[in-house]
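In my numbering, the protein residues as written are 2 to 342. We treat Cβ as the ideally placed atom computed from N, Cα and C, and that holds for glycine. These figures come from a predicted structure and were not determined experimentally.
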């Protein structure tokens, strides 16, 4: 069984595959880093439905994308995986392992026998010579084992397993190395889950997965306007400034997400006594008309689209005309492909 990977080193492998198993789409990216240059060799996305055999769909996607390698890096997200930032007294490795057992009881809302966990020392606390920063991640066994089973049934071997939010962080720093000293919030808005990560100097200070995404907005439009699900989905994807009634519905649905963001930013600012300077958004639902403006207005921060392809070239096998359309969806897959199992 592979553990949850929490490596925050700068080491990058030569050639890897990242497979992002979302609720609405599958995304796969194969990249190669050689002699200081980075290239996307293959790229693919496939819509999935509730009735689909996900393992079969994964197999089809890799075949359609021209990928023959069997080992893939994958990620997990949602209510059954949690991350915590801990400040602990300095201790040796054996003592730290024991301390983590107590930390699970105090900070993780799952029974210890129900989870897999991993942790990483982030460094010393800036204001204390006697304390260290520790980042702890725990996942329900069922979530992790189900994800591994999906991959294995597709004839693949899971390499590294991490969190969606940590994969997005990898993508961000690879493409925006000049932002290493900036206090940044990364927001990955998917179909059912939104990942929020606050980072500086490549370290994760806060991670939260919120049950909110494009699916919740579709459901609200369907209910408020008494439409079929198909019609609600269509309206969501083809919003214009003229759809004022729908825009108001969407704004009301964003209230819970906005509250989660406020709480997270407040936590970070109290912890570090530093303010968030910029927010980068990605994920399929990040394309929602007016979302950036809505967040900018309420947070009073600069909101940018995260470009996962910014520092990459493309092989001739990747159709150039499709890359702009795929851009919002690939922050997780690219970040997974940047890691070495």
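Asked	Found
Under 8 Å, do residue 137 and residue 204 count as touching if we go by C-beta distance?	no
For residue 300, decide whether its Cβ has a neighbour in chain D, counting only Cβ atoms nearer than 8 Å.	Looking for chain D here will not work: only one protein chain is present.
From what residue to what residue does the alpha helix (DSSP H) around residue 297 run?	292-300
At which residue ranges does the stretch 176-223 contain complete beta strand (DSSP E) runs of 3 or more residues, listed in the order of the chain?	185-190, 195-201, 204-211
Tell me, which residues are paired with residue 277 by DSSP?	Paired residue(s): none; residue 277 is not in a bridge.
Have a look at the DSSP bridge pairing and note the partners of residue 45.	29
Roughly how many angstroms separate the alpha carbons of residue 153 and residue 104, rounded to a whole number?	32 Å
Hey, residue 22 and residue 75 are a contact pair by Cβ (cut 8 Å); roughly how many whole angstroms apart?	7 Å
Would you tell me roughly how many angstroms separate the C-alpha atoms of residue 56 and residue 184, rounded to the nearest one?	39 Å
Excluding the 5 residues preceding and the 5 following residue 10 in the sequence, name in chain order all residues of the same chain whose CB lies nearer than 6 Å to its CB.	With a pLDDT of 47 at residue 10, under the threshold of 50, the modelled position of that residue is not reliable, and the figure given next carries that caveat. Once the five neighbours on either side are set aside, residue 10 has no close Cβ partner at all.
Could you have a look at residue 55 and say whether DSSP puts it in helix, strand or coil?	helix
According to DSSP, is residue 3 part of a helix, a strand, or is it coil?	Low local confidence applies: a pLDDT of 45 at residue 3 is under 50, so the model's placement there is unreliable, and no value is given.
Do residue 279 and residue 305 have their beta-carbon atoms positioned less than 8 Å apart in this structure?	yes
Would you call the CB atoms of residue 15 and residue 35 closer than 8 Å?	yes
With a 10 Å radius around its C-beta and 16 neighbouring C-beta atoms as the bar for buried, classify residue 171 as buried or exposed.	buried
So, under 8 Å CB-CB, residue 196 and residue 308 are touching, yes? Tell me the CB distance rounded to an integer number of Å.	Actually they do not touch by this definition, with Cβ atoms about 17 Å apart.
Could you tell me which residues DSSP pairs with residue 73 in its beta bridges?	159
Check for me: the alpha helix (DSSP H) holding residue 105 runs from which residue to which?	94-108
What number of angstroms, rounded off, separates the C-alpha of residue 167 from the C-alpha of residue 239?	31 Å
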